[in-house]
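Structure, as structure tokens:
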Amino acid sequence: MITGQYCRTMAQYNRWQNNGIRDLVKRLDDAELRRDRGAFFNSIFETLNHVLWADLLWMSRFDEGEGPAVGPEDHKALTPNINEWDLLRFQTDGRIEEWAAKVKAIDVSGDLTWHSPTLGRTLSEPKALCVTHFFNHQTHHRGQIHAMMTAAGLKPQDTDLSLMSEV
13 MITGQYCRTM
23 AQYNRWQNNG
33 IRDLVKRLDD
43 AELRRDRGAF
53 FNSIFETLNH
63 VLWADLLWMS
73 RFDEGEGPAV
83 GPEDHKALTP
93 NINEWDLLRF
103 QTDGRIEEWA
113 AKVKAIDVSG
123 DLTWHSPTLG
133 RTLSEPKALC
143 VTHFFNHQTH
153 HRGQIHAMMT
163 AAGLKPQDTD
173 LSLMSEV
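Quick note on numbering: the sequence shown equals residues 13 to 179 in the working numbering.
So this is what it looks like as structure tokens:
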């Protein structure tokens, strides 16, 4: 279903898109970042925290490293401000790229079993599906962030994967 190269490409895409977001959100004051814009996770800041929280959670399942510092009930408040989000986002993107650099076909075969704190039960799914979900989840919520930033008067960068090679 997927390959190590897919993981490396998507990890690179993740960093490219997050770097573009990082540059733009610094132009907004805290009130604008936290303003409820009617999105699933309300604000730009809460959505940024949700994506970062989920990335840390999935990475802990993939690389058996540390997970997020807060549970699912506090995921939208993972970081208290944009500077701390920026640092943890930068570190997490590096962690994702380091993991992806090592992925081989065998690493995305078979099942992944984990306990879901959100559902309160153990789940088991094909690893390839979990990795695909991981990258799809980032892209989905970054699309929401893109729309909220546009509504706030910012001009986010293009999101087309095919344009990534031009940077």
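Cβ atoms here follow ideal geometry from the backbone N, Cα and C, with glycine treated the same way.
No experiment lies behind these values; they were computed from the predicted model shown.
Per the DSSP secondary-structure output, leucine 135 pairs in a beta bridge with Trp126. Per DSSP, the continuous alpha helix (DSSP H) segment holding methionine 71 begins and ends at 56–75. If you check the CB distance, leucine 90 and asparagine 61 come in under 7 Å. Taking C-beta atoms under 8 Å as the contact rule, alanine 23 and glutamate 109 qualify, at a distance of about 5 Å. With a cut-off of 8 Å on Cβ pairs, the segment 88–107 is not in contact with the segment 122–141, counting fewer than three such pairs.
Inter-segment contact for the segment 28–47 and the segment 158–170 is present: three or more beta-carbon pairs are separated by less than 8 Å. The C-alpha of glutamine 17 is placed about 34 Å away from the C-alpha of arginine 39.
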